[in-house]
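S.K.: Each residue of the sequence shown is one higher than the one before, counting from 911 in the numbering used here. Glycine is no exception: its CB is placed at the ideal position from the N, C-alpha and C atoms. All figures in this text were calculated on a predicted structure; none of them were measured in a lab.
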Amino acid sequence: MILLALAGCLDRLLESPYVLAPGLGEARSVTARADGRLVIATSTGVYAVDGEGRAERLEEAPADAVAADPNRTYVLRAGRVTWPGGGLDTPGAVDVLAGYGELVVLYPDAYEHIDVATGARTRLRLGERDDARAIALGPDESYLVVTPDSVYRTVSTGGLRPVVTDLVDARAAAMDGKGRLYVAHGDPEELWRVDPGGLSSVARWLGDPRDLQFGVGGLLPLENTYVANGMGTLDYVRPPP
């Protein structure tokens, strides 16, 4: 029995993500920044983490989500998105994303395109869904919307197109450089790749995953998936080729 228990512990150790940066508080969101670091929104502030795991606290106030483009970093906290020199009220927002030349704010039942230069805002409904929890870049200038049981692709005129369904407590999704979709879901939570034949498990024992982000190169390899873990760490996984 002892040998079986030890084998189980070893399996869990080998299949678990690696910890890049501990002691962050409840990590809620992760994004890549132009300076080659990852930015994390946590219950203890906003941090920038480099490829060696060094964490610099940028802001002390708790944050709900972060996003970055080549020019600025956006922070969502308490229904407001801020960036250096600006900000907008976004009551009820649950996630933010910077991509395709615009800021996108996600709500449980809609998403909003925002031109931060002009303040122009366009809001699109998510069809019948009112439980969206995360948004990520999708193929062909679309966005991926995560709900507890599905990942959808946005349609330019509004509404959603299902990509993968029948999930369990889905938390986050991300696409790698080859256009392959990964999703964190399950009980317990695992990292899965969406293949033509179905879902393939990539890593187990994720703990409390809140967000996914692929690396930016250098000491943060493009092949690595970085996981904002609500248990207080920034972790990483190297999916198989």
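1) In whole angstroms, give me the CA-to-CA distance for residue 982 and residue 1059.
2) Could you check which residue in 947, 1113, 1139 has the C-alpha nearest to that of residue 1121?
3) In the structure shown, what three-state DSSP assignment does residue 1059 receive?
4) Among 930, 1123, 1087, 967, which has the Cα closest to the Cα of residue 1081?
5) With DSSP run on the structure shown, which of helix, strand or coil describes residue 921?
6) If you check the beta carbons only, do residue 1137 and residue 994 fall under 8 Å apart?
7) Does DSSP classify residue 1038 as helix, strand or coil?
8) From the DSSP secondary-structure annotation, give me the bridge partner or partners of residue 1105.
9) List the endpoints of the continuous beta strand (DSSP E) containing residue 932.
10) Measuring straight from C-alpha to C-alpha, what distance separates residue 1010 and residue 1029?
11) Give the single residue among 949, 1070, 934, 937 whose Cα lies nearest to the Cα of residue 1130.
12) What are the uninterrupted segments assigned as beta strand (DSSP E) that are 3 or more residues long and contained completely in the segment 975 to 1041, given in chain order?
13) With residue 1135 as the anchor, note down where its beta strand (DSSP E) starts and where it stops.
14) Roughly how many angstroms lie between the CA atoms of residue 1062 and residue 1096, to the nearest whole one?
15) If we require 3 or more residues per run, which beta strand (DSSP E) segments fall completely within the segment 1065 to 1124?
16) Starting from residue 940, trace the beta strand (DSSP E) in both directions and tell me its first and last residue.
17) Is the segment 1048 to 1056 in contact with the segment 1099 to 1107, if contact means three or more CB pairs nearer than 8 Å?
18) Please return the same chain residues whose Cβ sits closer than 6 Å to the Cβ of residue 930, not counting the five positions on each side in sequence.
19) Any idea what DSSP makes of residue 962, helix, strand or coil?
20) Per DSSP, what kind of secondary structure is residue 1150 in: helix, strand or coil?
21) Along the chain, where does the beta strand (DSSP E) containing residue 949 start, and where does it finish?
22) May I have the straight-line CA-CA distance separating residue 1021 from residue 989, to the nearest angstrom?
23) To which residues of the same chain is residue 1005 closer than 6 Å at the C-beta, ignoring the five residues directly before and after it?
24) Compute the distance between the beta-carbons of residue 987 and residue 972, then report whether it is under 8 Å.
25) Spell out the partners DSSP gives residue 973 in its beta bridges.
26) Give every residue of the same chain whose Cβ lies closer than 7 Å to the Cβ of residue 1040, excluding the five residues on either side of it in the sequence, and list them in chain order.
M.R.: Let me spell this out:
1) 32 Å
2) 1139
3) coil
4) 1123
5) Because the pLDDT of residue 921 is 44, which lies under 50, any placement of that residue in the model is unreliable, and the question is left without a value.
6) no
7) coil
8) 1108
9) No beta strand (DSSP E) holds residue 932; DSSP gives it neither H nor E.
10) 16 Å
11) 949
12) 975 to 978, 983 to 987, 990 to 993, 996 to 999, 1005 to 1009, 1012 to 1017, 1020 to 1024, 1031 to 1035
13) 1135 to 1139
14) 17 Å
15) 1070 to 1074, 1082 to 1085, 1091 to 1095, 1100 to 1105, 1108 to 1113, 1119 to 1124
16) 937 to 942
17) no
18) 963, 1144, 1146
19) coil
20) coil
21) 948 to 952
22) 14 Å
23) 975, 1016, 1044, 1045
24) yes
25) According to DSSP, residue 973 bridges with nothing at all.
26) 1018, 1019
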